[in-house]
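Trainee:
There are 2 protein chains.
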Amino acid sequence: MAERRPRKDAERNRAAVLAAADALFARCERPEDVTMADIAAEAGVGKGTLFRAYGDRAGLIRALYSAKLRPLREAVEEGPPPLGPGTDPLERVPALLDAVLRFKLDHRHLALALESDGGGSPYGAEHYDRWHTLLRTTLEGVPGLADGDFAAHALLAAVRADLVEHLAGQGVAREAMRARLAQFTARFLGAGH
Amino acid sequence: MAERRPRKDAERNRAAVLAAADALFARCERPEDVTMADIAAEAGVGKGTLFRAYGDRAGLIRALYSAKLRPLREAVEEGPPPLGPGTDPLERVPALLDAVLRFKLDHRHLALALESDGGGSPYGAEHYDRWHTLLRTTLEGVPGLADGDFAAHALLAAVRADLVEHLAGQGVAREAMRARLAQFTARFLGAGH
DNA sequence: TAAGATGCGGACCCGCGGTCCGTTTCACCG
DNA sequence: CGGTGAAACGGACCGCGGGTCCGCATCTTA
C-alpha cells in the first residue's frame, strides 16, 4: 500500500518523451508520420522506456493532450467568468465553445493526433466526456432548451479537430472561424422561441 | 481512344470483392479488423486482384460506400419532395439531415470505415463535398441565415458516423436519435431572427 | 558499499497494406 | 475452331510501424 516514489531518471525520461512528442507533432503536418521510434530517438531514449511510461501510442498522445489542456481545464473549473462557473449559461456556452476552438487552433497537430490516431474515435476519450458533461449541464440552464445532451454533442462536433483543420486549409482565418462559430452558436441559443 | 470493354472475369471479380467487403464490414464490429487479405479470401480472389481493382483500401471503401449511397443520391438529385429539389428549404434541410442519419444508421460499419480508415478525415472525400454543397445552397434559401457554409459543416458534423455510433452504443434508439436531430435542426432553423 | 529493486534500450517479432512477376484466362481473328 | 497477344490473376514477398522482451545499467536503501 505504501506508495513508493518513482525513480528520478524515470521521471526525467517521462518528461523528455512528452517534450519530444510535442516538438515532433508540432513540426510535422500529418500526425501519423511521427513514429514512436522517432519520438524515442528525439527524446534520447529507447522505445521500451517510452512504452513502459505510457503504455501505447494512444496513451502517450492522451497524456500530452491532457498536459496541454490543463490550464484551460482549470480556467473552466475554477476560473473567473465567462469561462468559470457561475456565469449565465447564455454567455458561458459560447465562451466554452470559443475556448475549445482556440485550443484546437493552437494545438492543431496534437488535437488531430488525439482524434484520429488516439484510439479510434474521440468519443472513447475521457476528455470528451468531461467537455460534454460540462456543456450539457450548462445548456440545461438555458430556458426553453429541451435536449441539452444532444445539443452538447452537436455543438462539440462543430469544433472537431479535423473540421477545424479543413476550414483552416481552405484559408479560413482564425478570427473568421471564431466569428462563424459564435454566430452559429448564437443563432441556436437565441432561438428561445 | 476506342474504349475497350473490360474482361468479364475482371468485372465479376470487382463485384465479388465489393460483396465480400460489404459482408465482412457488416459482420465485424471494428472496421479496422477487417483486413485486405480477409476481403480477398472471402471474395475467393488474390490480393493482387483486389488492389488492381480499387487501388488501395481507401479506394475500395469509397467504392463500396458510393454504391450504397447511390439510391439516396438519386432521391436527392431528382426525386420527389421533401428530399428532391424544389422543396422549401425549411422543409428540405431537416429531410436531408434525417436521410443522412438514417443512412449512417443503416450502414454503421461502412460509414465508420470511410470516416476513419478511409484516408484520414472525411473532409477529403468527395462525398462530403457533395453533401456540404447541397446543404449549403439549400441553407442559403433560408431567410435570415447569414452563414450557410459554416452551418452546413456544423449540421453535417452532428451526423458523423462516430457520433452516431457513440450514441447508439449508449442505448439511444433509432427513432429517438432521429427525433433529437430533428429537434436540434428545428431550433436552429426556427431562429428566424 | 553491497544488494535488491527498478528502469533502460534496442534487437526482435508480428501483422498489415501494398507490390511484383511468372502463370492463367480471356477476346479477337484467320 | 486453334492460335496469339493482351489483360487479369494470385500469392509469395517486401517495408514499415507498433509493441514486446530480457540481459544489463542505474538508482535507492541500509
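Taken in sequence, the protein lines are chains A and B. Counting in this note's numbering, the first sequence runs from 319 upward without gaps. Counting in this note's numbering, the second sequence runs from 319 upward without gaps. Yeah, the Cβ is synthetic: ideal placement off N, Cα and C, and Gly gets one too.
1. Taking the CB atoms as reference points, tell me whether B:Pro317 and B:Ala500 lie closer together than 8 Å.
2. Report the residues of the segment 463-482 of chain B with a CB closer than 7 Å to any CB of chain A, ordered along the chain.
3. Tell me which residue opens and which closes the alpha helix (DSSP H) that A:Arg426 is part of.
4. Does the beta-carbon distance from A:Met354 to A:Leu342 come in below 8 Å?
5. With DSSP as the reference, label B:Arg498 as helix, strand or coil.
6. Using a threshold of 8 Å, state whether the C-beta atoms of B:Leu463 and B:Ala472 are closer than that.
7. State the DSSP-derived secondary structure class of B:Leu401, mapped to helix, strand or coil.
8. With 8 Å as the limit, tell me which residues of the segment 416-445 of chain A have their beta carbon closer than that to any beta carbon of chain B; keep them in chain order.
9. With DSSP as the reference, label A:Ala443 as helix, strand or coil.
10. Evaluate contact between the segment 485-501 of chain A and the segment 473-488 of chain B, counting only Cβ atoms and requiring at least three cross-stretch pairs below 8 Å.
11. Going by beta-carbon coordinates alone, are B:Ala361 and B:Ala328 separated by less than 8 Å?
12. Tell me the residue span of the alpha helix (DSSP H) that contains A:Gly459.
13. Report the rounded CA-to-CA distance for A:Ala504 versus B:Glu458, giving the unit in angstroms.
14. Assuming B:Val418 and B:Val477 form a contact by the criterion Cβ under 8 Å, report the distance between their Cβ atoms to the nearest whole angstrom.
15. Closest to A:Leu378 by CA distance: which of A:Arg391, A:Leu428 and A:Gly487 is it?
16. Check whether the Cβ atoms of B:His445 and B:Tyr372 lie closer than 8 Å to each other.
17. Please report whether the beta-carbon of B:Arg380 lies at a distance below 8 Å from any beta-carbon of chain A.
18. In chain A, which residues lie with their C-beta within 8 Å of the C-beta of B:Ala509?
19. Run through chain A and tell me which residues come within less than 7 Å of B:Arg323, C-beta to C-beta.
20. Flag A:Arg498 as yes if its beta-carbon sits less than 8 Å from any beta-carbon of chain B, otherwise no.
21. Return the residue from the list B:Asn331, B:Thr456, B:Ala479 and B:Gly508 that minimises the CA-CA distance to B:Pro400.
22. What residues in the segment 331-344 of chain A bring their beta carbon closer than 9 Å to a beta carbon of chain B?
23. Taking the alpha-carbon positions, what's the A:Glu392 to A:Pro324 distance?
24. Name the two residues that bound the continuous alpha helix (DSSP H) containing B:Asp356.
25. Quick one: what's got a C-beta closer than 7 Å to B:His450's C-beta in the same chain, skipping five residues either side?
26. On the three-state DSSP scale, how would you describe B:Arg330?
27. Are there 16 or more other CB atoms within 10 angstroms of the CB of B:Asp424, so buried, or fewer, so exposed?
28. So B:Glu347 and B:Asp435 are supposed to be a Cβ contact under 8 Å. How far apart are they, rounded?
29. Give the secondary structure of B:Val482 by DSSP, where H, G and I count as helix, E and B as strand, and everything else as coil.
30. Report all residues from its chain with a CB closer than 8 Å to the CB of A:Leu452; omit the five preceding and five following residues, and keep chain order.
31. What are the start and end residues of each continuous alpha helix (DSSP H) run of 4 or more residues lying completely inside the segment 335-396 of chain A, in chain order?
32. Taking Cβ-Cβ distances shorter than 9 Å, what residues in chain A pair up with B:Asp369?
33. Compute the beta-carbon to beta-carbon distance between B:Leu430 and B:Asp356, rounded to the nearest angstrom, for a pair I have assumed lies under 8 Å.
34. To the nearest angstrom, how far is the alpha carbon of A:Pro403 from that of A:Leu432?
Mentor: This is what the structure gives:
1. Residue 317 of chain B is absent from the structure shown; chain B starts at 319 and stops at 511.
2. Against chain A - using a Cβ distance shorter than 7 Å - the residues of the segment 463-482 of chain B are Ala464, Asp465, Phe468, Ala469, His471, Ala472, Ala475, Ala476, Arg478, Asp480 and Leu481.
3. According to the DSSP assignment, A:Arg426 belongs to the alpha helix (DSSP H) that extends over Arg426 to Ser434.
4. No, they are not a contact pair.
5. In the three-state reduction of the DSSP assignment, B:Arg498 falls in the helix class.
6. With contacts defined by Cβ atoms closer than 8 Å, B:Leu463 and B:Ala472 do not form a contacting pair.
7. Looking at B:Leu401 - three-state DSSP - the assignment turns out to be coil, as it is neither helix nor strand.
8. The residues in question are Ser434, Gly438, Ser439, Pro440 and Tyr441.
9. When DSSP states are grouped into helix, strand and coil, A:Ala443 belongs to the coil group.
10. The segment 485-501 of chain A, when compared against the segment 473-488 of chain B, does not touch it at the 8 Å Cβ threshold.
11. In this structure, B:Ala328 does not lie closer than 8 Å to B:Ala361 by Cβ.
12. A:Gly459 -> no alpha helix (DSSP H), and no H or E assigned at all.
13. The alpha-carbon atoms of A:Ala504 and B:Glu458 are separated by roughly 18 Å.
14. That belief holds up - the Cβ atoms of B:Val418 and B:Val477 are roughly 5 Å apart, short of 8 Å.
15. A check of alpha carbon separations from A:Leu378 across A:Arg391, A:Leu428 and A:Gly487 identifies A:Leu428 as the nearest.
16. No, the Cβ-Cβ distance between B:His445 and B:Tyr372 is not below 8 Å.
17. No, because no Cβ of chain A sits closer than 8 Å to the Cβ of B:Arg380.
18. Within 8 Å Cβ-Cβ: Arg505, Phe506, Gly508 and Ala509.
19. Those within 7 Å of B:Arg323 in chain A number zero; the least Cβ separation is about 39 Å.
20. With 8 Å as the cut-off, A:Arg498 counts as an interface residue toward chain B.
21. Closest option to B:Pro400, Cα to Cα, is B:Thr456.
22. Flagged: no residues at all.
23. Computed Cα separation, rounded: 26 Å.
24. Per DSSP, the continuous alpha helix (DSSP H) segment holding B:Asp356 begins and ends at Met354 to Ala361.
25. The beta carbon of B:His450 sits closer than 7 Å to the beta carbons of Ala470, His471 and Leu474 from its chain, once the five residues preceding and following it are set aside; these are given in chain order.
26. In the three-state DSSP reduction, B:Arg330 falls in the helix class (H, G or I).
27. Label assigned to B:Asp424: exposed.
28. A Cβ-Cβ distance of about 14 Å is found for the pair B:Glu347 and B:Asp435, leaving them out of contact under the 8 Å criterion.
29. Per DSSP, reduced to three states, the secondary structure at B:Val482 is helical.
30. Val394 and Leu414, listed in sequence order.
31. Counting only runs of 4 or more, we get 354-361, 365-372 and 375-396.
32. As written in the sequence, residue 369 of chain B is Phe, which differs from the Asp given in the question. Within chain A, no residue comes near B:Phe369; the closest Cβ sits about 21 Å away, beyond 9 Å.
33. Not really, about 17 Å apart at Cβ, beyond 8 Å.
34. Their backbone Cα atoms lie some 27 Å apart in a straight line.
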